[in-house]
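This report refers to the structure that appears directly beneath it.
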Amino acid sequence: MLHQQVNGKPLVYFDNAATSQKPVSVINALVDYYKGYNANIHRGIHTLAEKATKAFEDTRHTAKAFINAASEQEIIFVRGVTEAVNLVASTYGRAFVKAGDEIIISGLEHHSNIVPWQMLREEKQAFLKVIPVLKNGELDLGAFKKLLSSKTKIVSVNHASNSLGTINPIKEIIDHAHEAGAVVLIDGAQAGAHLEIDVQALNCDFYCLSAHKMYGPTGVGILYGKKELLEKMPPYQGGGEMIKEVTYQKTTYNDLPYKFEAGTPNIADVVAFNFSMQFINELGKDNIAAHEHELLSYATEKVSALKGVKLIGTAKNKVSVLSFVVDGIHPFDIGQMLDTRGIAVRTGHHCTQPLMDHFGIDGTVRASFAVYNTKQEIDSLVEGLDRIIRFMK
Amino acid sequence: MTTINTIQDEIINEFALLDGDMEMTVFYLMELGQKLPPMNEADKTEDNIVKGCQSKVWLTARLEHEKIYFTADSNTAITKGLVSLLVRIFNGQHPDDILNADLYFMHKIGMERFIGTQRSNGFAAMIKQMKFYALAFKTKSEVGS
């Protein structure tokens, strides 16, 4: 995948914050599952069903350790962060948020961590408050503390920003929110492949991950929830798997985590997700962070030295995301021109339109790095940008 | 009167000189965009926008002696280049010819990637809007006559 030519040039893939490429072990796991032991899980008593069930549950086991959850019952498989946030908004939100209550999100959120809360707000006549963003792309924690009150029921923020790379001080946010009596959901989409995650040390109530941003397959993610909260919450979707007994008069729901996993799940991708977490574990988050930090520092220095470049998001702690604009050149043109040189970056608002409005821009060019990227690839990016800037002046 | 297909063939020949080099093609496209006659700022209204996801195009049209003339602009250089090609092809053409036009030049100059990706630059929406103007002028003149 990464060794291909695009427009006659070697591919440079810098769109990792959108989705990362997949290691061979992950791709093989998908093929092996479909070739060797495809069967529906949990109900079958035959050998294939046993094997598929074991592989499926092995992923839950790995995921529990990956984020240091207290129990496998706290790991719910979902389609990704978007579904995880919707699940919490639709179940916990519907059950526990009342008219006049407040939900707090941050100004750095992806649309997936904005819209579900807006929908809940409309339904419940609740209020949605937004933690302001400072000029450097960090959250204004002073303002956050002032937003908190006894009316705050949910605080939902990301661990790291997809648009700017800012790593948020989530431990501090969680502690303050808890003091006010609110529960906290952390969108870990941009953290999963880069940062250590320990949900018990963080003491967060919910934590969400998307496998495809962690070298895993698309269509799978995790919702972690504290057991006592998940038990209190009504189910999300009804159907098979999530029930204990069904009669026309009354249905009893299954135990955790199955209560939230209605229907046949995405078995193959869950099975392959195990291998992507193992890939990350084998490399080690420390090693990954060190490599990506080096790439980010190198790229930051080289790109910011180019004429007319302005970095958007200069927080002290960042994941490997470099977002910038170039004076007088639309991000779309830069993205298209880099593509002609085989360089894949993201341009636009990155599903964070309110944040772009805050900076008074239409969008940015975003280069985001992963373990397989190199300094030579950054040199290609810089060379490409330099040519474009000179051509356009 | 130069026909739509003659102009398309001219464009294909010009781009053929670039030998399929994508970067040069895009640079040339942007140069063409820079030569597009400027549009009145007053015409850059919400009503005149043909919106893509990342780039905006403003388009107006007028009928003179039964021929249509377009003015257009875009906030991105590449899209502006694409618009300039469409304006060059359709300007001064009869509404019927625009409505019946088969635009084949995009495939021949390696611009397929810009077509059908309405979400990113609204190129397909732009063609539709130009044909819509042609239809509107045609209907108007038929009703009027």
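Chains as they are written, first to last, in the working numbering: chain A, 1 to 393; chain B, 394 to 538. We put the beta carbon where it would ideally sit given N, CA and C, even for glycine. Owing to the predicted nature of the structure, the values given are computational and were not obtained by experimental measurement.
Of all residues in the segment 455-476 of chain B, only Asn468, Thr469, Ala470, Ile471, Thr472 place a beta-carbon less than 8 Å from a beta-carbon of chain A. Scanning the segment 106-192 of chain A for uninterrupted beta strand (DSSP E) segments of 3 residues or longer gives 127-131, 152-158, 183-187, listed from N- to C-terminal end. Nearest neighbour of A/Arg390 by Cα position, chosen from A/Thr340, A/Lys307, A/Ala272, turns out to be A/Lys307. Residue contact with chain A for B/Val419: present (Cβ-Cβ distance below 8 Å to some residue of chain A). Against B/Met415, the close residues of chain A are Asn7, Thr340, in the order they occur along the chain (beta-carbon pairs closer than 7 Å). At least 8 Å separates the beta-carbon of B/Ile471 from that of A/Asp187. Taking one beta carbon from each stretch, the segment 338-346 of chain A and the segment 12-23 of chain A have 3 or more pairs nearer than 8 Å; the two touch.
A/Leu385 carries a helical assignment under DSSP once its states are collapsed to helix, strand and coil. The three-state secondary structure of B/Glu416, taken from DSSP, is helix. Between B/Ser448 and chain A, the shortest Cβ-Cβ separation is below 8 Å. With respect to the C-alpha of A/Lys9, the residue from B/Glu416, B/Asn433, B/Met519 having the closest C-alpha is B/Glu416. Look at A/Lys22 here: in three-state DSSP terms it is coil, with no helix or strand label. Under a criterion of Cβ atoms nearer than 7 Å, the residues of chain B adjacent to A/Gln336 are, in order, Val419, Ile471.
Using a Cβ-Cβ distance cut-off of 8 Å, the segment 75-86 of chain A and the segment 262-280 of chain A are in contact, since at least three pairs of beta carbons, one from each stretch, lie closer than that value. With contacts defined as CB atoms closer than 8 Å, A/Lys151 and A/Gly192 fail to qualify as a contacting pair. Taking a Cβ-Cβ cut-off of 9 Å, A/Asp255 has no neighbours in chain B, whose nearest Cβ is about 43 Å from it. Nearest CB-CB separation between A/Asp175 and chain B: not below the 8 Å threshold. Annotation for B/Ala454: Ile461, Phe463, Tyr526 place their beta carbon closer than 6 Å to its own, counting only its chain and skipping 5 residues before and after. Non-local C-beta neighbours of A/Phe275 in its own chain, meaning closer than 6 Å and more than five positions away in sequence, comprise Ser25, Val26, Ala29, ordered along the chain. In the same chain as A/Gln237, and ignoring 5 residues on each side of it, the C-beta atoms closer than 6 Å to its own belong to Ala262, in chain order. If you ignore the 5 residues before and after A/Gln73, its C-beta comes within less than 8 Å of the C-beta of Lys227, Leu230, Asp255, Leu256, Pro257, all in its own chain and listed in chain order. Looking at the backbone, the Cα of B/Asp495 and that of B/Gly503 are separated by about 17 Å. Boundaries of the alpha helix (DSSP H) harbouring B/Gly474: 470-483, taken from the DSSP string. Here the alpha carbon of B/Val419 sits roughly 47 Å from the alpha carbon of A/Phe206. Scanning chain B for C-beta atoms nearer than 8 Å to the C-beta of A/Phe77 yields nothing, as the closest lies near 30 Å away. With a threshold of 16 other beta carbon atoms within 10 Å, A/Glu245 falls short and is exposed. For A/Val326, the secondary structure class from DSSP, reduced to helix, strand or coil, is strand. In the three-state DSSP reduction, A/Pro217 falls in the coil class, being neither helix nor strand.
When rounded, the separation of the alpha-carbon atoms in A/Glu282 and A/Met214 is 13 Å. Annotation: A/Ile67 is outside any beta strand (DSSP E) and is labelled neither H nor E by DSSP. In the DSSP assignment, B/Phe498 falls within the unbroken alpha helix (DSSP H) covering 498-501.
For the 8 Å CB-CB criterion, A/His159 and A/Ile170 form a contact.
With fewer than 16 other beta carbons inside 10 angstroms of its own, B/Pro430 counts as exposed.
B/Gln427 and B/Lys449 have their C-alpha atoms spaced approximately 16 Å apart.
For A/His110, there are no neighbours in chain B by C-beta distance under 7 Å, as the nearest C-beta there is about 16 Å away.
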